[in-house]
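Using the numbering used here, you'd call the opening residue of the sequence shown number 9 and step up by one each time. Note that CB positions come from ideal geometry on N, CA and C, so glycine has one too. These numbers were taken from a predicted model, which means no experiment stands behind them. Take a look at the structure set out below.
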Amino acid sequence: MIKVKRALISVSDKTGIVEFAKGLNELGIEIISTGGTAKKINESGIDVIEISDFTGFPEMLSGRVKTLHPYVHGGILALRDDEKHKKEVEEHQIKYIDMVIVNLYPFESTITKEDCKLSEAVENIDIGGPTMIRSAAKNHKYVAVVVNPADYESVLEELKQNNGELSERTCFDLAAKAFSHTARYDCVISNYFNPQKSTASEEVFAEEFGIGVEKIQNLRYGENPHQKAAFYRVSGEKGGIADIRQLHGKELSFNNIVDVDGALAVVLEFDEIAVAIIKHTNPCGAAVSKVSVKDAYMKALATDPVSAFGSIIAVNREVDGDAAEEISKLFVEAIIAPSFSEEALKILTKKKNIRLLTIDYDRAKKERASMPDIKRVLGGLVIQERDVHQIDRNNVKIPTKRQPTNDEFEGLMFAWKIVKNVKSNAIVFTNKEQTVGVGAGQMSRVDSVKIARMKANLPTKGCVMASDAFFPFRDGIDAAAEAGITAVIQPGGSVRDEEVIKACDEHDIAMVFTGIRHFKH
9 MIKVKRALIS
19 VSDKTGIVEF
29 AKGLNELGIE
39 IISTGGTAKK
49 INESGIDVIE
59 ISDFTGFPEM
69 LSGRVKTLHP
79 YVHGGILALR
89 DDEKHKKEVE
99 EHQIKYIDMV
109 IVNLYPFEST
119 ITKEDCKLSE
129 AVENIDIGGP
139 TMIRSAAKNH
149 KYVAVVVNPA
159 DYESVLEELK
169 QNNGELSERT
179 CFDLAAKAFS
189 HTARYDCVIS
199 NYFNPQKSTA
209 SEEVFAEEFG
219 IGVEKIQNLR
229 YGENPHQKAA
239 FYRVSGEKGG
249 IADIRQLHGK
259 ELSFNNIVDV
269 DGALAVVLEF
279 DEIAVAIIKH
289 TNPCGAAVSK
299 VSVKDAYMKA
309 LATDPVSAFG
319 SIIAVNREVD
329 GDAAEEISKL
339 FVEAIIAPSF
349 SEEALKILTK
359 KKNIRLLTID
369 YDRAKKERAS
379 MPDIKRVLGG
389 LVIQERDVHQ
399 IDRNNVKIPT
409 KRQPTNDEFE
419 GLMFAWKIVK
429 NVKSNAIVFT
439 NKEQTVGVGA
449 GQMSRVDSVK
459 IARMKANLPT
469 KGCVMASDAF
479 FPFRDGIDAA
489 AEAGITAVIQ
499 PGGSVRDEEV
509 IKACDEHDIA
519 MVFTGIRHFK
529 H
């Protein structure tokens, strides 16, 4: 057991600190503190020793130096059962510090402010705090370190039950949390600085990349019931799925979170009203509308109403009562939207389990490009820029004899935004405002074309087709022609491009080359 006689408190987040300090004081534990923390504790009528009185040295350099002193770190790091350490402690009149309660300058919240300047970020890099935390965590056999206000209650309760002592197990567990805390903090700083550097360098990715994450919640299970899972927020990133707000419904599952991300990615492509219906990360329906959310939803649903059962729906406008009335007729796992009207909530909350989620849509659209796309592989990570590439009529080539009509071109632009969000090999049939057939995740591109036709719930004659990568043979074009496709959009770049172009000309199909591939693995 570790007897706590003296505690050092220095916190940026002062949540619960007065109550915790009061509990320590009632147990006869001497409290040392710094700056604003000392002032807050003292104003509550609790005895506290200012850090400058403890060290005999003033806080200086605008608060940059206050705890970086041998009296502080000697008191934390000394091994209590080491004779040499005991002698040095006595010789230099160092007092043991048995508990360190520290959390750090708000670097993460500072850099997520839209108007944050580099100078402001730098001033919010904590130096003394991480040093004290690491010192205490290293010496956890003799010193307790508390970095999370959520632990105050349990720590105080154990101290009360054990006459001011903590178990070695508790101190070890607190040390583990402390090292995770400082590691995450440093990752946020590192990942903030590296993009600043890349503006002056051709190297986009740092030689070392740390991912700081914070657990949001444990999940019931992973992709399957035998797999354990949890949901984490990536430190320093704002505007993503980790920032969704759940208004109603049962807890999100692993698969829900992944599908919500896939659904949101589709509607983020559009400025006009858009609805995406997702099943197993692939769109089984998507549509845009100039009229209403209900209109977009009905068009999206018409693509594949069977697959839409048990789906995730994303909307890029407020869900109103009319849309909610239609959506409520279908079994849906979750809906994510910028907001829900009162009427929509009244309708949808009648369904006990449906998850209703809101997100700051504008921020998500703005910030998504800055969030790297990270995938875990056995023993490593692969990291890439997020695929947010857009095309327009001015940066494509048309190699066929026939040019697309204006309506066809609108359809091709719509189809191109959808196909980039379908698992490869991906083929999408659309008109200019809704999906008609989706062929996803096949090993053969011509099979994806055949599946898109097979899955079509609407007439395919007169539709356009998007392919996420080039056609290696003309058979995909021949199959599209049989389905009545009149225009195609694809990257181009195959050694058989001339064969594919010839096939389009034979079938009087207009084709657009984008020069951009959209594989999604």
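Query, Result
"Minimum C-alpha distance to Gln498 - residue among Ser127, Ser475 and Ala144", "Ser475"
"The segment 81-96 / the segment 164-176 touching (three or more Cβ pairs under 8 Å)", "no"
"Where Asn156 sits in the DSSP three-state scheme", "coil"
"Contact with chain D by Leu112, beta-carbon distance below 8 Å", "Considering every chain present, this structure includes no chain D. It has just one protein chain."
"Delimiting residues of the alpha helix (DSSP H) encompassing Cys292", "Here Cys292 belongs to no alpha helix (DSSP H); instead the beta strand (DSSP E) covers Asn290 to Ser297."
"According to DSSP, residues forming a beta bridge with Arg363", "Ala342"
"Sheet register partners of Gly447 (DSSP bridge)", "Ile435"
"Candidates Gly137, Asp269, Leu255 and Val503: closest to Thr357 by CA position", "Leu255"
"Range of the contiguous beta strand (DSSP E) that encloses Ala237", "Ala237 to Val242"
"Proximity of Ala448 and Ala464 at Cβ, strictly below 8 Å", "no"
"Buried/exposed call for Asp303, threshold 16 Cβ in 10 Å", "buried"
"At least 3 beta-carbon pairs within less than 8 Å: the segment 136-147 vs the segment 75-92", "yes"
"Cβ contact (3+ pairs, closer than 8 Å) linking the segment 490-507 and the segment 404-424", "yes"
"Pick from Ser52, Ile197 and Gly36 that is closest to Val130, judged by C-alpha positions", "Ile197"
"Beta-bridge pairing of Ile17 - partner residues as DSSP gives them", "Ser41 and Ile109"
"Straight-line gap, Glu128 to Glu375 (C-alpha atoms, nearest Å)", "20 Å"
"Counted within 10 angstroms of its Cβ, other Cβ atoms place Gly523 as buried (16 or more) or exposed", "exposed"
"Contacting residues, own chain, Cβ-Cβ under 7 Å from Thr63 (five flanking each side not counted)", "His77, Tyr79 and Val80"
"Option in Ala186, Glu165, Tyr150 and Asp134 with minimal Cα separation from Asn156", "Ala186"
"Segments of 3+ residues assigned as beta strand (DSSP E) that fall wholly inside the segment 362-436", "363-366, 381-385 and 388-392"
"Rounded separation between Leu420 and Thr118 - CA only", "42 Å"
"Spatially closest choice to Ser347 from Arg192, Ser336 and Tyr369, by CA coordinates", "Tyr369"
"Environment of Gly501 [buried if 16+ CB atoms lie within 10 Å]", "exposed"
"Stretch pair the segment 221-233 + the segment 257-265: three plus CB contacts closer than 8 Å", "yes"
"Top-ranked residue by Cα proximity to Lys287, from Leu309, Gly24, Ser300 and Arg410", "Leu309"
"CA nearest to the CA of His515, picked from Val446, Arg453, Val454 and Thr408", "Thr408"
"Three-state class that DSSP yields for Lys121 in the structure shown", "coil"
"Segment contact flag, the segment 449-456 with the segment 420-429, C-beta cutoff 8 Å, min 3 pairs", "no"
"Leu182, buried or exposed, once every other Cβ within 10 Å from all chains shown has been counted against 16", "buried"
"6 Å Cβ shell around Val274 - same chain, five flanking residues per side excluded", "Ala284, Pro291, Ala294 and Asn429"
"Outcome for Thr468 when other beta-carbon atoms lying within 10 angstroms are tallied against a minimum of 16", "buried"
"Assigned secondary structure, Asn226 (DSSP; H/G/I helix, E/B strand, else coil)", "strand"
"N- and C-terminal bounds of the beta strand (DSSP E) containing Ile285", "Ile281 to Lys287"
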